[in-house]
Amino acid sequence: MEDGSSARAPKSGKGTQPSDYAGAIYGSLLAASVVAGTSPGQEPAPVVQLIVLLLATGVVFWLAHVYAAVLGERSADGLLSLNKYRASARREWPIVQAAVPPAAAAGVGALLGLSDAGAAWLALAVAVGSQLGWALYVAAKAGATRRGMAVSGLVYLVLGLVIVALKALLSH
Numbered sequence: 002m003e004d005g006s007s008a009r010a011p012k013s014g015k016g017t018q019p020s021d022y023a024g025a026i027y028g029s030l031l032a033a034s035v036v037a038g039t040s041p042g043q044e045p046a047p048v049v050q051l052i053v054l055l056l057a058t059g060v061v062f063w064l065a066h067v068y069a070a071v072l073g074e075r076s077a078d079g080l081l082s083l084n085k086y087r088a089s090a091r092r093e094w095p096i097v098q099a100a101v102p103p104a105a106a107a108g109v110g111a112l113l114g115l116s117d118a119g120a121a122w123l124a125l126a127v128a129v130g131s132q133l134g135w136a137l138y139v140a141a142k143a144g145a146t147r148r149g150m151a152v153s154g155l156v157y158l159v160l161g162l163v164i165v166a167l168k169a170l171l172s173h
């Protein structure tokens, strides 16, 4: 994410660093993986556990990305500062944000009376949909042609469907 190859756009607010949309795509993929990983065999994770795992995993990976980015910057210029941590934390925050929609979907599913498995499938659908949505949004922001957007969407849809297939295989 730090190599300049990811799509970047200004974040709202004065003087803030650009937002790294790769974090949102990565976070959505991570959330989908968490949902798939919590459904081994015949017993999916209870909804509350799934929500906690989604949010906690997002936070832990966010902290890991912040720490790695700051250490990488330090190795480049030899300086370490609180400002670098803050800037990196803001830049990587979409990783955490990406966990919220699937967690909310799981909670809403439970409130609507879905089983734990049904709520997990809903959370997975939201995570994969978010991943696809972010990929298309970033491609459009980068000025991709329709064909480029279709390819980008297809790549991330295939990644999401691989996770869905793994969940289906692990659930039965």
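Quick note on numbering: the sequence shown equals residues 2 to 173 in the working numbering.
Even for Gly, the Cβ is constructed at its ideal location relative to N, Cα and C.
Reduced DSSP secondary structure (H/G/I, E/B, other) of residue i
| i | result |
| --- | --- |
| residue 94 | coil |
| residue 34 | helix |
| residue 145 | coil |
| residue 40 | coil |
Cα-Cα separation, residue i to residue j
| i | j | result |
| --- | --- | --- |
| residue 72 | residue 58 | 21 angstroms |
| residue 88 | residue 60 | 16 angstroms |
| residue 49 | residue 62 | 20 angstroms |
| residue 131 | residue 29 | 6 angstroms |
| residue 151 | residue 134 | 12 angstroms |
| residue 32 | residue 165 | 12 angstroms |
| residue 96 | residue 22 | 9 angstroms |
Continuous alpha helix (DSSP H) stretch holding residue i: start and end
| i | result |
| --- | --- |
| residue 103 | 101-112 |
| residue 134 | 117-142 |
Buried or exposed (CB count within 10 angstroms, at least 16 for buried), residue i
| i | result |
| --- | --- |
| residue 93 | buried |
| residue 170 | exposed |
| residue 159 | exposed |
| residue 168 | buried |
| residue 106 | buried |
Presumed contact (8 angstroms Cβ cut-off) between residue i and residue j, rounded CB distance
| i | j | result |
| --- | --- | --- |
| residue 52 | residue 139 | Their Cβ separation, rounded to whole angstroms, is 27 angstroms, which puts residue 52 and residue 139 out of contact at 8 angstroms. |
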